[in-house]
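Engineer: Structure incoming, see below.
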Amino acid sequence: MGLKGLVQLFCIVVTLVSVCLVQLKAEDAYKYFTWTVTYGTLSPLGTPQKVIMINGQFPGPQLDLVTNDNVVLNLINKLDEPFLLTWNGIKQRKNSWQDGVLGTNCPIPPNSNYTYKFQAKDQIGTYTYFPSTHLHKAAGGFGGLNVYHRSVISLPYPYPDGDFTLLIADWYKTGHKALQQSLDSGKSLSFPDGLLINGQAHTTLNGDQGKTYMFRISNMGLSTSINFRIQGHSLKLVEIEGSHTIQNMYDSLDVHAGQSFSVLVTLNQSPKDYYIVASTRFSRKVLTATALLHYSNSHSPASGPLPSPPAYHYHWSVRQARSFRWNLTANAARPNPQGSYHYGKITPTKTIVLANSAAIINGKKRYAVNKVSYVNPDTPLKLADYFNIPGIFSVDSIQSLPSNGPASAQIATSVIPNSLHDFIEVVFQNNENTMQSWHLDGYDFWVVGYGFGEWTPAKRRSYNLVDAVTRHTAQVYPNGWTTILVSLDNEGMWNLRSAIWERQYLGQQLYLRVWTAQKSLSTEYNIPANVLLCGKVNGHHHP
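Residues -26 to -1, 1 to 517 in mature numbering (1 follows the signal peptide of the UniProt record, and there is no 0) are what the sequence shown spells out, letter by letter.
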């Protein structure tokens, strides 16, 4: 090859490298946001009430990201109370410092701010954010958080013609402070007053006949399971909380507290308007919210009865839950297949059985896990751990198996210690006649089994050890059990809590401490330079 040829080859190589670097830079972008949290007055159910708004919006701004985006979000608190947002389902790799719960972060004081910094990595899918402090979630402050694929990652379905985010929530006309006072006095919350879709009792979505749209559906409510359906249209399930699924068709989907689904809907009916329906499940009184799916060439209003909900009984819902399967042939969020690592062939390091219960402690109603009702200390657990401050939390107050004996419970700040890279089996045992929903921050997990009655080791024969879907929130049916498998590959202090907010607020939660003695940036990031300090770490030197 002559000198001219070498020069041409060099130019081609430089050009290709430059293009790749530009693409990588563009697709690992930094995105900056400033959000201001305030009160506002709206009438979601027809009665004026105080709601929590972000940048003047209720629900808050939709956070649309591309996987690997770096988020720098300055949150300004203009409320009269301390405040935090948590990023529901975002795994926060090596970064529990940004989790936004009281076990990891000091709340942002009124008229102050905090800048969250995290990366939306390896998790294409539908997520949400909401306030983790007090009963703020009952007033709003929540929104959608969607992570889209990079150009180098293929999707296992045709790219949709449009995208709708639907935040469905049960709602109270009573203000959040009054609701909190009710819980503090030992009383349970009453049944909600209604349901909202995107903060409204009625809304309209517009689409073109013949096109296919993605509907991102999240249950943002405090307590109720919700069934979602669209008149005359089928729902093709394609994603659950960051996992591509086998693309089964459904007439309706049960979305339990804290959960998210993505479905494809083709507008293949005659041009008119159709009802979108959300209604409560397993409740004596059924609350219903409707929206309209409007074909752009429609000249006819929606008509006919609302599409019927599924059968009331739990077995229908269990069968649907068992039908959700992981798409093993699809790429993950990374541009490589899911690989040879397979959860069903790994022997768990240990088994943890967690039984929820209601209890009366000091004359007031509380909720407990293995007879321990959690209380938040003034000092976040993560900071106490970092600064080696004793007495903030206990690693031996809660047992990894429920104990027999009286139904009484104790109050403690309970933490279950684990080693980095443990692979654990967690069984949620529900001996109450109520629906339960459990969420784990910082992780997704394989939901391998649902059943009724008391869990025993023999129930493992019914587990799905082949293609169970991974997600961050799992329901547990009344007088039943749900088993998850978790690979503890994310160091930090991680909140495991009820997604039913009354139960979380009154003690149905704990933390998993995932720890290794070998400190390295490859396993956990350093404490942030802008960390807020409070409680017993107040006055300590910043890093």
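All residues carry an ideal CB built from backbone N, CA and C; glycine is no exception.
What you are looking at is a predicted structure, and each value in this text was computed from that prediction instead of being measured.
Expressed to the nearest angstrom, what Euclidean distance is found between the alpha-carbon atoms of LEU16 and ILE204?
Structural biologist: One-based indexing of the sequence shown puts residue 16 at position 42. One-based indexing of the sequence shown puts residue 204 at position 230. Between LEU16 and ILE204, the C-alpha separation is close to 27 Å.
Engineer: Would you report the Cα separation of MET27 and SER106, rounded to the nearest angstrom?
Structural biologist: As a working note, residue 27 is residue 53 in the sequence shown. As a working note, residue 106 is residue 132 in the sequence shown. In a straight line, the C-alpha of MET27 is about 15 Å away from that of SER106.
Engineer: Could you work out which residue in LEU375, TRP71, TRP9 and ALA304 is closest to PRO132 when comparing CA atoms only?
Structural biologist: Mapped onto the sequence shown, residue 132 falls at position 158. Of LEU375, TRP71, TRP9 and ALA304, the residue nearest in Cα terms is ALA304.
Engineer: Based on Cα-Cα distance, which residue from ALA231, GLU215 and LYS210 lies nearest to ASN222?
Structural biologist: Position 248 of the sequence shown, counted from the start, is the residue given in the question as residue 222. Checked all of ALA231, GLU215 and LYS210; the closest Cα to ASN222 is LYS210.
Engineer: Is SER164 helix, strand or coil when you go by DSSP?
Structural biologist: Here residue 164 is taken as the residue at index 190 of the sequence shown, counted from 1. In this structure, SER164 counts as coil in the three-state DSSP scheme.
Engineer: Could you check what DSSP says for HIS413 in three-state terms: helix, strand or coil?
Structural biologist: Along the sequence shown, read from residue 1 onward, the residue named residue 413 stands at position 439. The answer is strand: DSSP assigns HIS413 an E or B state.
Engineer: Alpha carbons only, please: which of VAL450, SER282, ASN344 and TYR90 is nearest the one belonging to HIS289?
Structural biologist: Within the sequence shown, residue 289 is the residue found at index 315, counting from 1. Closest by alpha carbon: VAL450.
Engineer: Pull up the CB-CB distance for ALA276 and ILE171, whole angstroms please, since I reckon it's below 8 Å.
Structural biologist: Within the sequence shown, the letter at position 302 stands for residue 276. Within the sequence shown, the letter at position 197 stands for residue 171. Their Cβ separation, rounded to whole angstroms, is 15 Å, which puts ALA276 and ILE171 out of contact at 8 Å.
Engineer: Which residues in the same chain as LEU462 place their Cβ atom closer than 6 Å to its Cβ, once the five residues preceding and following it in sequence are excluded?
Structural biologist: Translated into positions along the sequence shown, residue 462 becomes position 488. Answer for LEU462: ASN392, ASP396 and VAL488, listed in chain order.
Engineer: State the DSSP-derived secondary structure class of GLY136, mapped to helix, strand or coil.
Structural biologist: Position 162 of the sequence shown, counting from 1, holds the residue named residue 136. GLY136: strand per DSSP, three-state reduction.
Engineer: Could you have a look at PRO22 and say whether DSSP puts it in helix, strand or coil?
Structural biologist: What you label residue 22 is simply residue 48 of the sequence shown in a count that begins at 1. Here PRO22 sits in coil by DSSP.
Engineer: Pop quiz: GLN233 and ASN193 are said to be a contact at Cβ under 8 Å. What is the actual Cβ separation, rounded to whole angstroms?
Structural biologist: Mapped onto the sequence shown, residue 233 falls at position 259. Mapped onto the sequence shown, residue 193 falls at position 219. Rounded, the Cβ-Cβ distance is 5 Å, consistent with contact.
Engineer: Could you check what DSSP says for GLN225 in three-state terms: helix, strand or coil?
Structural biologist: Position 251 of the sequence shown holds residue 225. At residue 225 the sequence reads Asp, which differs from the Gln that was named. ASP225: coil per DSSP, three-state reduction.
Engineer: To the nearest angstrom, how far is it from the Cα of GLN373 to the Cα of ILE250?
Structural biologist: Position 399 of the sequence shown holds residue 373. Position 276 of the sequence shown holds residue 250. Approximately 45 Å between the Cα atoms of the pair.
Engineer: Can you name the start and end residues of the beta strand (DSSP E) that LYS5 belongs to?
Structural biologist: Working through the sequence shown from its first residue, we reach residue 5 at position 31. Note, LYS5: beta strand (DSSP E), 4 to 16.
Engineer: Let's test the definition: count the other Cβ atoms within 10 Å of the Cβ of PRO279 and tell me whether it reaches 16, buried, or not, exposed.
Structural biologist: Here residue 279 corresponds to residue number 305 of the sequence shown, with the count starting at 1. With fewer than 16 other Cβ atoms within 10 Å, it is exposed.
Engineer: Determine which residues share a DSSP beta bridge with THR353 and list them.
Structural biologist: The residue you call residue 353 lines up with position 379 of the sequence shown. Answer is none; THR353 lacks a bridge partner.
Engineer: If you follow the alpha helix (DSSP H) that GLU476 is part of, which residue opens it and which one closes it?
Structural biologist: As a first step, residue 476 must be located in the sequence shown, where it is residue number 502. Where GLU476 is concerned, the enclosing alpha helix (DSSP H) stretches over 475 to 479.
Engineer: Straight-line CA distance for ALA152 to PRO166?
Structural biologist: Within the sequence shown, the letter at position 178 stands for residue 152. Within the sequence shown, the letter at position 192 stands for residue 166. Each residue's alpha carbon lies about 14 Å from the other.
Engineer: Can you tell me whether GLU213 is buried or exposed, with buried defined as 16 or more other CB within 10 angstroms of its CB?
Structural biologist: In the sequence shown, counting from the first residue as 1, residue 213 sits at position 239. Buried.
Engineer: Going by beta carbon distance, what residues of the same chain come within less than 6 Å of ASP38, once the five residues before and after it are set aside?
Structural biologist: Stepping through the sequence shown from its first residue, residue 38 is reached at position 64. Excluding residues within five positions, the ones whose Cβ falls inside 6 Å are ASN120.
Engineer: When you compare only the Cα positions, how much space is there between SER128 and ASP135?
Structural biologist: Within the sequence shown, the letter at position 154 stands for residue 128. Within the sequence shown, the letter at position 161 stands for residue 135. Approximately 16 Å between the Cα atoms of the pair.
Engineer: Based on the DSSP output, what are the partners of ARG471 in its beta bridges?
Structural biologist: Working through the sequence shown from its first residue, we reach residue 471 at position 497. According to DSSP, which records beta bridges pairwise, ARG471 is partnered with HIS413 and GLN483.
Engineer: Cα separation between residue 572 and GLN93?
Structural biologist: Residue 572 cannot be examined here, being either before or after the span of the chain that is shown, -26 to 517.
Engineer: Taking all protein chains shown into account, do 16 or more other C-beta atoms lie within 10 angstroms of the C-beta of VAL400, making it buried, or fewer, making it exposed?
Structural biologist: Translated into positions along the sequence shown, residue 400 becomes position 426. Answer is buried; the Cβ neighbour count reaches 16.
Engineer: Take the Cβ of LYS180 as the centre, count every other Cβ of all protein chains shown within 10 Å, and call the residue buried at 16 or more, exposed below.
Structural biologist: Locating residue 180 in the sequence shown gives position 206, where the first residue counts as 1. Residue identity differs from the one stated: residue 180 is Asn in this sequence, not Lys. Label assigned to ASN180: exposed.
Engineer: Please state the DSSP three-state secondary structure of GLY427.
Structural biologist: The residue given as residue 427 occupies position 453 in the sequence shown. GLY427 falls in the coil class under three-state DSSP.
Engineer: Check whether the stretch 461 to 481 touches the stretch 62 to 72, counting contact only when three or more Cβ pairs, one atom from each stretch, lie closer than 8 Å.
Structural biologist: yes
Engineer: Just to confirm, is the Cβ distance from ALA383 to ILE335 under 8 Å?
Structural biologist: Counted from its first residue, the sequence shown places residue 383 at position 409. Counted from its first residue, the sequence shown places residue 335 at position 361. Yes, they are a contact pair.
Engineer: Quick check on DSSP: helix, strand or coil for LYS151?
Structural biologist: Mapped onto the sequence shown, residue 151 falls at position 177. Three-state DSSP puts LYS151 in a helix.
Engineer: I'd like the list of long-range same chain contacts for LEU(-6), defined as Cβ closer than 6 Å, with 5 residues on each side in sequence excluded.
Structural biologist: Working through the sequence shown from its first residue, we reach residue -6 at position 21. A caution first: LEU(-6) carries a pLDDT of 40, below 50, which makes its placement in the model too unreliable to give a value.
Engineer: Of the choices GLY20, THR41, TYR13 and HIS273, whose alpha-carbon is the least far from that of LYS5?
Structural biologist: As a working note, residue 5 is residue 31 in the sequence shown. It is THR41.
Engineer: In this structure, how does DSSP classify GLY454 when only helix, strand and coil are distinguished?
Structural biologist: Translated into the one-based positions of the sequence shown, residue 454 becomes position 480. Three-state result, GLY454: strand.
Engineer: Give me whichever residues DSSP pairs with ILE335 in a beta bridge.
Structural biologist: Here residue 335 refers to the residue found at position 361 of the sequence shown. Note: ILE335 sits in a beta bridge opposite LYS338.
Engineer: Is it buried or exposed, ASN498, if we count other Cβ atoms within 10 angstroms and call 16 or more buried?
Structural biologist: Your numbering for residue 498 matches position 524 in the sequence shown. The sequence as given places Glu at residue 498; Asn does not occur at that position. Buried is the call here.
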